[in-house]
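K.L.:
Let me begin by handing over the structure; questions about it come next.
In the working numbering, the protein residues as written are 507 to 1309.
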């Protein structure tokens, strides 16, 4: 176990005293107290669930201070100082660690150094040192990953805070505290008027918007907003029957040479005039029936931030048509921000035109969410919309082409074979759930769905105007808000090119930007024990939305990356995918070996692409097929080239886009190339799915919701781990929008950049290069018997590394 902590502020002693008094742990006039009286007072307040001195004393009697004394008895015997070792025996128990099980009694600092728990390094704690140790304890992460002050809050430390003071935010160590009443949030619905008429009914689309805000706003407190644009918020439709058949050929394409600039021209749609309000109110009419459903948002609800959810056009309760990534979807997303910032109208219902303003909002908005939710946050950021101060975009798409296509190929997200933009649009057109609404809008949606199918073009897989208008990176220069990107290094749903290409663009912008790369797949990271991600976001959002001068941009690392060889290990860097990273070149020496010297012994190696029939006959899962493809011997051995390097004599840290340069021929007029880079060797590797350490192990506020506590753990011995992969249509060997012919038997130069990554290849492991064609989990699967040839002498693998 390691408790990495990046969001703690280092403060002066006088600042610590003021902070302790601000949270009412330390009284005025404390200086006159003896160490004994001061310690008795403070430790009693560490048990807020105990409402009498007797109850507090009984709780302290459960904590062992020394070999012979419990905490209550120890406090009764001290006078002018506090023994350091005893303090940390006590502190570790308060943090949730167990004597003997976790740490050895009377040797607390050994455990603390191992886990990463800070301490005051003095053998005797005077009054000043004691208070420094108390402050440090409050800002220290506990066994469940939360700060100790958060743990106290969850037990009622701030239970009467707002009753005793005027409504306000409480800041401690630069971060907001959970002092707001979680049992009485105001839950309401409004309808924001967009600038769109996507359902062509002659009226601007109204967008249902669900709000959760502290009741303290009714007493005059202005609060910021965490806004999650979630097309899934109102549920989803069943679209299994609409998945495309992937057992079809990759068709030969005519040679075309379009101009990329021509693909980026847009069209302007005329829209109706806005409604004129017939009245204005500060009271909503509809109470929200749904709950807040993103736990990072819920964490901040207890800290006074409002949470807003909106599905956007075409979703249940809203007008319009779902169009999967289009500019119209972006506009429906930013409309909510414009209302929150005071620049757009909303109404209490869809009929009466009674306007309502976001009078309770301080006009500062952050967007949050993962996958489609994070995607729309990215889209909104690229508009430069006023009021959006930052986005926390997790596993987000930055170009829809990079989600559903790759280098001229139809390439599915992992475990989503047959899905495409049209399928996702239908999944989220949840107006269909209300029969009367479906009767009005269903026929038009089917018409628009046909246009969507045509535009996405599953025949050629080429980049075209449809995908160009869904490429948010073309508008990256408009970003004026600060950006946090989070992505899994093993995410094959939203592939890493989406984060990597956007990070390349953000590098040049004069904004603050932060990047987190974890070892997970398509997951959230706010409940991982080994990193204080939620606390880091608290520091970030307190700075961004409450103007707290906590120096968050300087304190938080630019890039934070989880190591793949050790548990609970996180590294910080100044950059990712730095184009100046050194390169290491491997040569394809023969059909089985990678080497650092160019000494090819076999000029040409070949493999067949005829595995689809076996895959279907054996009813294999896509994961089982990959296991067999990468095994030394299987039914798919002839379907790939597998080249292994010698065992690494020292570690190799890969950081960037691995590139294969080669020459390839195929015995027909079309073809594809797939490549995997693999870590080989029988070793225990870190899992890509975090284990649950404690179900509902993290409470997010007093009498509030819970999250599971998770961690990535080393697993059983495994023979390999995928590092990265890539795919390319041989007819798109220069780019994704220009198509060239393929003549059977002719060798063509190919340069394929694999998905960007960061990977620690440990000493003793072997680097494996796997070259194949059909990818059962991602590409189209044609039953064929094509033969491929690879010119080994003209091939090399270029790997960006860290020194």
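All C-beta atoms, glycine included, are put in the ideal place defined by N, C-alpha and C.
The structure presented is a predicted model; accordingly, all values stated were derived computationally and were not measured.
Is the beta carbon of residue 854 closer than 8 Å to that of residue 793?
P.N.:
No, Cβ-Cβ distance for residue 793 and residue 854 is not below 8 Å.
K.L.:
Who are the Cβ neighbours of residue 879 in its own chain at under 7 Å, not counting the five residues just before and after it?
P.N.:
Once the five neighbours on either side are set aside, the close Cβ partners of residue 879 are 734, 735, 736.
K.L.:
Output the distance between the C-alpha atoms of residue 544 and residue 536, rounded to the nearest integer angstrom.
P.N.:
Residue 544 and residue 536: Cα-Cα distance of roughly 7 Å.
K.L.:
Among 632, 587, 674, which has the Cα closest to the Cα of residue 529?
P.N.:
Closest option to residue 529, Cα to Cα, is 674.
K.L.:
Give the range of the beta strand (DSSP E) segment to which residue 1040 is assigned.
P.N.:
Where residue 1040 is concerned, there is no enclosing beta strand (DSSP E), although the alpha helix (DSSP H) it sits in stretches over 1039 to 1052.
K.L.:
Runs of 4 residues minimum, wholly inside the region 546 to 582: which ones carry the alpha helix (DSSP H) assignment?
P.N.:
Runs found: 559 to 566.
K.L.:
Based on Cα-Cα distance, which residue from 1187, 1031, 1232 lies nearest to residue 1179?
P.N.:
Minimum Cα distance to residue 1179 is reached at 1232.
K.L.:
Could you check where the alpha helix (DSSP H) with residue 952 kicks off and where it finishes?
P.N.:
Per DSSP, residue 952 belongs to the alpha helix (DSSP H) from 941 to 962.
K.L.:
Let me know the secondary structure DSSP gives residue 631 once reduced to three states.
P.N.:
Residue state, collapsed to three classes: strand.
K.L.:
Can you find at least 3 beta carbon pairs, one from the region 1151 to 1166 and one from the region 1286 to 1305, that sit closer than 8 Å?
P.N.:
A contact exists between the region 1151 to 1166 and the region 1286 to 1305.
K.L.:
Return yes when the C-beta of residue 1027 is under 7 Å from any heavy atom of the ligand ZN, and no when it is not.
P.N.:
Questions concerning the ligand ZN fall outside what the structure shown contains, since it holds no ligand whatsoever.
K.L.:
Which runs of the alpha helix (DSSP H) at least 4 residues long sit entirely within the region 872 to 907? Give them in chain order.
P.N.:
Listed in chain order, they are 878 to 887.
K.L.:
Would you identify the three-state DSSP class for residue 667, choosing helix, strand or coil?
P.N.:
In this structure, residue 667 counts as helix in the three-state DSSP scheme.
K.L.:
Please classify residue 865 as buried or exposed, where buried requires at least 16 neighbouring CB atoms within 10 angstroms.
P.N.:
Exposed, because fewer than 16 other Cβ atoms sit within 10 Å of the Cβ of residue 865.
K.L.:
For my contact list, residue 836 and residue 886 are in at a C-beta cut-off of 8 Å; report their separation, rounded to the angstrom.
P.N.:
About 7 Å; that satisfies the 8 Å criterion.
K.L.:
Kindly list the residues whose CB is nearer than 8 Å to the CB of residue 690, restricted to its own chain and excluding five residues on each side of it in sequence; keep chain order.
P.N.:
Excluding sequence neighbours, residue 690 sits near 721.
K.L.:
Specify, as a first and last residue, the run of the alpha helix (DSSP H) that residue 1090 falls within.
P.N.:
Segment 1089 to 1096 is the beta strand (DSSP E) holding residue 1090; no alpha helix (DSSP H) there.
K.L.:
Tell whether a beta-carbon distance below 8 Å holds between residue 1245 and residue 872.
P.N.:
Contact flag unset, no.
K.L.:
Residues in the same chain with beta-carbon distance under 8 Å from residue 821, minus the five sequence neighbours each way, listed in chain order, please.
P.N.:
Result list for residue 821: 714, 737, 739, 740, 828, 934, 935, 936, 937, in chain order.
K.L.:
Report yes if the C-beta distance between residue 1070 and residue 1177 is below 8 Å; otherwise report no.
P.N.:
For residue 1070 and residue 1177, no; Cβs fall outside 8 Å.
K.L.:
Does the count of Cβ pairs from the region 1071 to 1085 and the region 1128 to 1147 closer than 8 Å reach three?
P.N.:
With the cut-off at 8 Å, the region 1071 to 1085 and the region 1128 to 1147 do not touch.
K.L.:
Could you check where the beta strand (DSSP E) with residue 718 kicks off and where it finishes?
P.N.:
First-last of the beta strand (DSSP E) with residue 718: 712 to 719.
K.L.:
Measuring only the C-alpha atoms, how far is residue 1080 from residue 1022?
P.N.:
Distance between the alpha carbons of residue 1080 and residue 1022 is about 12 Å.
K.L.:
In the DSSP output, which residue or residues are listed as bridge partners for residue 867?
P.N.:
The partner list for residue 867 (beta bridge, DSSP) reads 729.
K.L.:
Suppose contacts are defined by Cβ-Cβ distances below 8 Å. Is residue 1273 in contact with residue 1106 by that definition?
P.N.:
The answer is no: Cβ separation not under 8 Å.
K.L.:
Alpha carbon to alpha carbon, what distance is there between residue 1289 and residue 755?
P.N.:
Between residue 755 and residue 1289, the C-alpha separation is close to 8 Å.
K.L.:
For the region 1224 to 1231 against the region 1183 to 1202, do three or more pairs of beta-carbon atoms, one drawn from each stretch, fall closer than 8 Å, so that the two count as touching?
P.N.:
Result yes; three or more Cβ-Cβ pairs closer than 8 Å.
K.L.:
Taking the beta strand (DSSP E) that residue 1020 belongs to, which residues open and close that run?
P.N.:
Counting along the chain, the beta strand (DSSP E) containing residue 1020 begins and ends at 1019 to 1024.
K.L.:
Using alpha carbons as the reference points, say which of 512, 884, 527 lies closest to residue 519.
P.N.:
Among 512, 884, 527, the Cα nearest to that of residue 519 belongs to 527.
K.L.:
With a threshold of 7 Å on Cβ separation, who are the neighbours of residue 850 within its own chain once the five nearest residues in sequence on each side are excluded?
P.N.:
Correct list, in chain order: 698, 699, 841, 844.
K.L.:
Please report the straight-line C-alpha distance between residue 955 and residue 1063, rounded to a whole angstrom.
P.N.:
Using only the alpha carbons, I get a separation of about 44 Å.
K.L.:
Just verifying my parser: in three-state terms, what is the DSSP assignment at residue 625?
P.N.:
Looking at residue 625 - three-state DSSP - the assignment turns out to be coil, as it is neither helix nor strand.
K.L.:
So the candidates are 1006, 1007, 1039, 986; which of them puts its Cα closest to the Cα of residue 1016?
P.N.:
Of 1006, 1007, 1039, 986, the residue nearest in Cα terms is 986.
K.L.:
Closest by CA to residue 620, which one among 630, 628, 814, 609?
P.N.:
Selected option, being the one with the closest Cα: 609.
K.L.:
Expressed to the nearest angstrom, what Euclidean distance is found between the alpha-carbon atoms of residue 958 and residue 971?
P.N.:
Going by the C-alpha atoms only, they are around 12 Å apart.
K.L.:
Count the C-beta pairs between the region 582 to 601 and the region 644 to 660 that are closer than 8 Å, then say yes if the count reaches three, no if not.
P.N.:
Short answer: they touch.
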